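Data first, discussion second: the structure below is written as structure tokens.
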Amino acid sequence: MTGPFRAAEGGDRIDRSRTLAFTFDGFELKAHPGDTLASALLANGVRVVAHGPYSRRPRGVFSAGAEEPNAFVQVESGPGEPMVRATRLEVYDGLVATPLAGRGRLLDRPDPSRYDKVYAHCDVLVVGGGSAGVQAAREVAATGARVLLVDDQPETAVPVHARAFPDLTVLTRTTVTGYYDHNFVVAVERRTDHLGELAPAHLARQRLWRIRAGRVVLATGALERPMLFPGNDLPGIMLAGSAAAYIRRYGVLPGRRAVIFAAHDDGLRAAVDLRAGGVEIVRVVDVREGERVTDTESDANGVLSAVIVDGERVPCDLLAVCGGWSPNLHLYGQAGGRTRWSDDHAGFVPFGESRGDVRVVGAALGVPGRAGEHVPEDDPGRVYVDLQRDATLAELRRALGAGLTSGEHVKRYTTIGTGADQGRTSGVVTARILGETGTTTQRPPVEPISMALLAGRERGDLLSPIRRTPMHSWHEEHGALFENVGDWKRPWYYPSAGESMEEAVLRECRAARGSVGVLDASTLGKIDVQGPDAAEFLDRIYTGRLSSLRVGRCRYGVMCGVDGMVFDDGVVARLGPDHFHLTTTTGNAGHVLDWLEEWLQTEWPELRVRCTSVTDQWAAIALVGPRSRDVLGPIAQNGFPFMAIREGDIAGVRARIFRISYSGELAYEINVPAWHGLTVWEAIIRAGEPYGITPYGTETMHVLRAEKGFIVAGQETDGTVTPGDVGLNWTLAPEGDWLGRRSLSRKDTARADRKRLVGLRPDDPSVVLVEGAQIVAEPPPEKPDEPVPMLGHVTSSYRGTVGSFALALVSGGMEREGQRLYAVDSGHAVPVLVTDPVAYDKEGRRRDGDPA
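Laid out in structure tokens, this is it:
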């Protein structure tokens, strides 16, 4: 296949014996294996590849590599992918792509591809497969060291014979995206782009490499700089070295009539290569000779048709520009390396030392040769400094006029250098205009990494383990709908035929309040703590004093972070002198165990304590309501006080029974070994049938606890809430050095205007407030001139046995009781009355089965 711009010969990366068919922007075109989409489009005469994200001006291929700022496309075929550089995408048979205007779109179908993660260790990591990188890899490998050579191209600049160096591994099509502390490097390997949908199923589309290296050699080369002039963004304007590379690599003529606009000798070398490849060189414009390209012209399609050289019109279809070379030092900068300007290299070169054992070689040290500089004075609004961001010289000057001189500040004011290329082509040009001594740091990842690759195989059902309680099958058989709580599937509610969620929840609430309900509480975090110093340890972890807890008794406990803010809460039971059983919130169980281990291992290693997660070992059943004592039978009817624990047999199974209540009703939490959970659950259901026992789910559980003003850590708390803010000052021991105590002595935590827990009742009882709604003192106007002060927000909102009610954190707390405030959501203000957070049985008489 010889397209209109395909040279008859040449192209060391393509296989001319085979032809591929691909589609771009709805047109079917031809390519050869080895072509990138950019080279294939140029070979077919396609000049407009994308459009400016804001200007919508046509844009063409500007470079041949990762520095490409223009040619971004949307891949529609195969698994699909948004925002892909045409210079990086290898053509495969059946490829379908469409042009972009700076923004991709998420696909509306699942990605069936496989993504893998690899961990590697080596003595030396060489980044860059050019001649300098290959030479460095060979020299080190010859010493017997383990060497990993990584290059982002399909092949290294010169062949690497692995058999000669058995400890040398070469990764091509692999981009190092970030350098981190201690020579830890992250790289992305593209494995099947060139194979497309025909890739073998066992081959991951991409692999994320996490590499730990003893030493790092950066042979990252140098990037050609553009030139500035009005109309410098037209399709047909290209970096001179890249234009020559298309002839050498792909046998593609980037144009037929070329003008060279250079400030460096390599622009003239590119002219020689272009001419040798069959491109007519109609004019060479050298800044150092006082010549300038002062404007450009385009045809009806917006493609370059002529350039204006000091007032003279020169027809052409290619303008190859070379402003010099900038060492590619993004990884060096991430390693803490500094740069300085070198006139001898016409670029910012490495200076001083970096973190870790990092060495720079080859063109990354600088390309010798002086370069001229040219910043046009006229028509700055048409001089594009950053093509990817559509940022012009006029915007840069506007930033300077506003008093901004720092590159980091100008970057944010103009967005120059904030695109996917992070200023690879614009950074040095911008720095020279600003008079900066270096460029802004390119942060990792220097090239975008897809979310799918970061997820790897942990997607869909493999994202996290699906945990089911021992009674899950019973819930399914009895029509439960489930919600995800942490990793667990928990029954949400049990709708009868034709019931709405609200109707089902109210029915479940009435059963628990009026007779007896039963809840699968197996997902609660459970931690077994044992050891001679267990009591002392828990005195430090919890805000209350646990060492005074008697064996066989329970106590509610709150954990704070060192900042004094609520971290988690639960019930602590003392099973023996040195043996405790802790419960945590379902979603926080793992974090709490980590927290305990962190303090034991790093701060108090002298304490003799062992913590073991037993969440999965125990099934837990909450039996709730005034008839729960009748269902449980003799164990409950024989002097079983509140906050006590007993052991007994239920359905022939030895059980731990806690007399605790998260509903405010007479209640028991029955713990049995998990493999007996379903048996005991079914036995309790049978025993409760005479009393109309009703299973209930998490939604009813929340209604019941919220009516009593009981909090959920993570819902009523958010990392800024102290125990006192949610009415739990009574849990704070006056003595001891428990975590968070000193922070709670700060003036800030005693402020009268802190947000504290209150109850809310909507004026309209038919309204259920939206959780997260903002609380304000007055209804905001439709178009407020100023921000409306926020007093707090709704944390929980339900319709329960007391009607519509909510809990909220409000500035001033209960000092506002009786006040009328407004809950605002999506611009709609609902008048509410501030009430006590305890909406049901404030005296707590029902806890012991008193029906009054």
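Taken in order, the sequence shown gives residues 1 to 852; the numbers are from the UniProt record's numbering. Ideal Cβ positions, reconstructed from N, Cα and C, are used throughout, including at glycine. These figures come from a predicted structure and were not determined experimentally.
Cut-off 6 Å between Cβ atoms - residues of its own chain near residue i, not counting five sequence neighbours on either side
i           : result
residue 419 : 388, 389
residue 357 : 215
residue 245 : 64
residue 133 : 126, 219
C-alpha distance - residue i paired with residue j, whole-angstrom precision
i           : j           : result
residue 792 : residue 754 : 10 Å
residue 235 : residue 87  : 15 Å
residue 811 : residue 770 : 19 Å
residue 283 : residue 314 : 8 Å
residue 583 : residue 640 : 20 Å
residue 400 : residue 409 : 10 Å
residue 676 : residue 682 : 10 Å
residue 822 : residue 55  : 44 Å
residue 818 : residue 465 : 47 Å
residue 652 : residue 688 : 17 Å
residue 790 : residue 776 : 5 Å
residue 805 : residue 799 : 6 Å
residue 167 : residue 211 : 16 Å
residue 556 : residue 462 : 36 Å
residue 231 : residue 295 : 6 Å
residue 524 : residue 831 : 36 Å
residue 322 : residue 75  : 31 Å
residue 100 : residue 85  : 10 Å
residue 532 : residue 606 : 11 Å
residue 306 : residue 40  : 24 Å
residue 28  : residue 60  : 19 Å
residue 325 : residue 342 : 11 Å
residue 626 : residue 845 : 11 Å
residue 217 : residue 139 : 12 Å
residue 782 : residue 824 : 12 Å
residue 856 : residue 38  : Since the first residue shown for the chain is 1 and the last is 852, residue 856 is missing from the structure and cannot be characterised.
residue 1   : residue 14  : Note that residue 1 has pLDDT 47, beneath the 50 cutoff, so the model's placement of it is unreliable and no number is given.
residue 395 : residue 381 : 8 Å
residue 308 : residue 229 : 10 Å
residue 580 : residue 528 : 6 Å
residue 842 : residue 795 : 20 Å
residue 266 : residue 784 : 60 Å
residue 875 : residue 559 : In the structure as shown, the chain starts at 1 and stops at 852, and residue 875 therefore has no counterpart that could be examined.
residue 786 : residue 780 : 10 Å
residue 288 : residue 437 : 23 Å
Close-in-space but distant-in-sequence residues of the same chain around residue i (CB under 7 Å, 5 per side omitted)
i           : result
residue 648 : 635, 655, 657
residue 18  : 32, 33
residue 434 : 405, 407, 410
residue 190 : 173, 206
residue 278 : 7, 253
residue 816 : 758, 810, 834
Residues sharing a beta bridge with residue i, DSSP
i           : result
residue 645 : 658
residue 853 : Only positions 1 to 852 of the chain appear in this structure, which leaves residue 853 out of reach.
residue 775 : 792, 823
residue 828 : 825
residue 322 : 262
Contact under 8 Å by Cβ, residue i with residue j
i           : j           : result
residue 456 : residue 117 : yes
residue 446 : residue 26  : no
residue 513 : residue 699 : no
residue 363 : residue 241 : no
residue 758 : residue 701 : no
residue 808 : residue 732 : no
residue 42  : residue 327 : no
residue 678 : residue 470 : yes
residue 115 : residue 453 : yes
residue 258 : residue 268 : no
Chain-order list of residues whose beta-carbon lies under 8 Å from that of residue i (same chain, five-residue window excluded)
i           : result
residue 597 : 611
residue 587 : 485, 486, 714
residue 661 : 624, 642, 667, 847
residue 9   : 251
residue 539 : 545, 546, 547, 733, 736, 738
Neighbour flag for residue i against chain B, beta carbons, 8 Å
i           : result
residue 348 : Considering every chain present, this structure includes no chain B. It has just one protein chain.
TODO: Assess, as a yes-or-no matter, whether the segment 331-342 is touched by the segment 101-115 under the definition of 3 or more beta carbon pairs within less than 8 Å.
DONE: no
Task: Inter-stretch contact (C-beta, 8 Å, three-pair minimum) for the segment 119-133 and the segment 67-80 - done: no
- [ ] Could you tell me whether the segment 704-719 touches the segment 540-557, using the rule of 3 or more Cβ pairs below 8 Å?
- [x] no
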